[in-house]
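Engineer:
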Ligand SMILES: [Zn+2]
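Numbering (the numbering used here), first residue to last: 3 to 398.
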């Protein structure tokens, strides 16, 4: 009650282009919660059995992290150190590092131990105000272990307060045990019928030398025929057609886009596909950043997310990711907040229940000790979170 600043996207996602620069800011308001949903926002006094003094707080919708690679096990810190000392990707692979090392660990691990590791990540994310998290398979790369990861994601969603949205990323990488990318994708497409109870979304790592544009198109069209939504890891390492393909197929999102060419940015901006930026990965790998400013100026629906994973981005702190989006991708603070709430909810097709402070929306909120919302960027390295409310319950 008596909230200093209640800050929300002005409308449900998608927000595109200029719309992204506005926020709805209310001063000295009360927010009431009933049965896990926001039931009132305004100046009237509301009867309740519990009150939180909001006079020193900025209240925002909980962050929606629409791209992570939980669940996984194992650390790849030695690989990180190797990279810093100048070792190449191939050197790291030869030393047993890279994505394959996580695949080995995940295959060896029981579902219970993967679950335990992921629970602790979710605890940390929740304490930073992240109330919804997408996670993917993709470290199994065979039927048994891909399904194991998806079942872990289902279990995480049911036992942890954070809402966990599962995606199938069987098409993440090819291991030596398979003859060719074509053969491997056939095998993964053979799992589609087993996924129906576990996820409704299929993702692919579309990249020259991994799964190129033509292979990705074939695979994702098979997924769409089965009724799945699709999304892509697109134009990350090279301009390889992923962003273009996302638009062509009507994908829910195209993620990364570091290397997307001008024509792709224009196509994305004219489409309904969410352009998801993952600036933590660029920072972690010391690589260029996606052209966020340009995408928004062209009119795109831009979301931001963490890409939290053990290899290329060991970062899940939304304040730091927002700092990077603002300082490196050229977003304004307002655009970054909209990108991490309403638009990231849109990327997960949850825009009607998440990403806004609005009556009827899920009561997922982060309570921040600040005079003004803009401080979250300047003070990103301080622990500004006073509390987190998830489905109406105070969880921090
Ligand atoms: Zn990713």
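Every residue gets a Cβ at the ideal spot worked out from N, C-alpha and C, and that includes glycine.
It should be emphasised that the depicted structure is a prediction, and the values quoted were computed from it without experimental measurement.
Given residue 341, which residues of its chain have a CB within under 6 angstroms of its CB, disregarding the five upstream and five downstream residues?
Structural biologist: Cβ neighbours of residue 341 beyond the five flanking positions: 304, 305 and 306.
Engineer: Would the C-beta of residue 67 count as close to ligand 1, meaning under 7 angstroms from any of its heavy atoms?
Structural biologist: For ligand 1, not one heavy atom lies less than 7 angstroms from the Cβ of residue 67.
Engineer: Who pairs with residue 367 in a beta bridge, going by DSSP?
Structural biologist: DSSP, once it has assigned bridges, lists 63 and 391 as partnering residue 367.
Engineer: Since residue 214 is in the beta strand (DSSP E), which residue starts that stretch and which ends it?
Structural biologist: Element bounds for residue 214: n/a, residue is neither H nor E.
Engineer: Straight-line CA distance for residue 168 to residue 195?
Structural biologist: Computed Cα separation, rounded: 16 angstroms.
Engineer: Residue 24 to residue 212, Cα distance in whole Å?
Structural biologist: When rounded, the distance between both Cα atoms is 39 angstroms.
Engineer: How would you call residue 9, buried or exposed, if buried means at least 16 neighbouring beta carbons within 10 angstroms?
Structural biologist: So residue 9 ends up on the buried side.
Engineer: Is the beta carbon of residue 127 sitting closer than 8 angstroms to the one on residue 67?
Structural biologist: The answer is yes: Cβ separation under 8 angstroms.
Engineer: Where does residue 361 fall in DSSP's three states?
Structural biologist: Looking at residue 361 - three-state DSSP - the assignment turns out to be coil, as it is neither helix nor strand.
Engineer: Can you tell me the Cβ-Cβ gap for residue 236 and residue 244, rounded? I've got them flagged as a contact below 8 angstroms.
Structural biologist: The Cβ separation is near 3 angstroms, so the contact holds.
Engineer: In whole angstroms, what is the alpha-carbon distance linking residue 397 and residue 239?
Structural biologist: Straight-line Cα distance between these residues: approximately 38 angstroms.
Engineer: Any heavy atom of ligand 2 inside 7 angstroms of the beta-carbon of residue 311?
Structural biologist: Absence of ligand 2 from the depicted structure is noted, with ligand 1 being the only ligands included.
Engineer: Could you tell me whether the Cβ atoms of residue 270 and residue 254 are closer together than 8 angstroms?
Structural biologist: No, they are not a contact pair.
Engineer: Compute the minimum distance between the beta carbon of residue 29 and the heavy atoms of ligand 1, and state whether it is under 7 angstroms.
Structural biologist: Incorrect: residue 29 has no Cβ contact closer than 7 angstroms to ligand 1.
Engineer: So for residue 207, helix, strand or coil by DSSP?
Structural biologist: Of the three classes helix, strand and coil, the one that applies to residue 207 here is strand, per DSSP.
Engineer: Following a CB-centred definition, is residue 162 positioned closer than 7 angstroms to any heavy atom of ligand 1?
Structural biologist: Incorrect: residue 162 has no Cβ contact closer than 7 angstroms to ligand 1.
Engineer: Write down the C-beta distance between residue 313 and residue 104 rounded to the nearest angstrom, noting that I regard them as a contact closer than 8 angstroms.
Structural biologist: Yes, they are in contact, since the Cβ atoms of residue 313 and residue 104 sit about 7 angstroms apart, within 8 angstroms.
Engineer: Looking at the structure shown, is residue 72 part of a helix, part of a strand, or coil, going by DSSP?
Structural biologist: The answer is coil: DSSP assigns residue 72 none of H, G, I, E or B.
Engineer: For residue 193, collect the residues of the same chain with a Cβ closer than 8 angstroms to its Cβ; drop the 5 residues on either side in sequence, then sort them by chain order.
Structural biologist: Correct list, in chain order: 145, 148, 149, 170 and 172.
Engineer: Have a look at residue 13 and residue 344 and give me their C-alpha separation to the nearest angstrom.
Structural biologist: Looking at the two C-alpha atoms, the distance is approximately 8 angstroms.
Engineer: Which first and last residues belong to the alpha helix (DSSP H) in which residue 244 is found?
Structural biologist: Here the alpha helix (DSSP H) through residue 244 covers 244-251.
Engineer: When the Cα of residue 44 is compared with those of 361, 143 and 328, which residue comes out closest?
Structural biologist: Of the candidates 361, 143 and 328, the one whose C-alpha sits nearest the C-alpha of residue 44 is 361.
Engineer: From which residue to which residue does the beta strand (DSSP E) around residue 28 run?
Structural biologist: Residues 26-28.
Engineer: Consult DSSP for residue 41 and reduce its assignment to one of helix, strand or coil.
Structural biologist: If DSSP states are grouped into helix, strand and coil, residue 41 belongs with the strands.
Engineer: Between residue 6 and residue 274, what straight-line distance do the alpha-carbon atoms span, to the nearest angstrom?
Structural biologist: Between residue 6 and residue 274, the C-alpha separation is close to 35 angstroms.
Engineer: What's the call for residue 185, buried or exposed, on a 16-neighbour Cβ count within 10 Å?
Structural biologist: Counting Cβ neighbours within 10 Å, residue 185 comes out exposed, since fewer than 16 surround it.
Engineer: DSSP three-state label for residue 109, please.
Structural biologist: Helix.
Engineer: Going by Cα to Cα distance, which pick from 279, 99 and 179 is closest to residue 349?
Structural biologist: Nearest option by C-alpha distance: 279.
Engineer: Keeping to the same chain, check which residues put their C-beta closer than 6 angstroms to that of residue 120; ignore five residues upstream and five downstream.
Structural biologist: Cβ within range, chain order: 72, 73 and 158.
Engineer: Residues in the same chain with beta-carbon distance under 8 angstroms from residue 19, minus the five sequence neighbours each way, listed in chain order, please.
Structural biologist: Result list for residue 19: 271, 298, 299, 300, 301 and 302, in chain order.
Engineer: In terms of residue numbering, what span does the alpha helix (DSSP H) encompassing residue 264 cover?
Structural biologist: Note, residue 264: alpha helix (DSSP H), 264-271.
Engineer: Quick one: what's residue 36 bridged to in DSSP?
Structural biologist: Answer by DSSP bridge pairing, in chain order: 39.
Engineer: Is it right to say residue 165 is buried, meaning 16 or more other beta carbons lie within 10 angstroms of its own, or is it exposed?
Structural biologist: With 16 or more other Cβ atoms within 10 Å, it is buried.
Engineer: Can you give me the Cβ contacts of residue 129 inside the same chain, cut-off strictly under 6 angstroms, excluding the 5 residues immediately before and after it?
Structural biologist: Around residue 129: 398.
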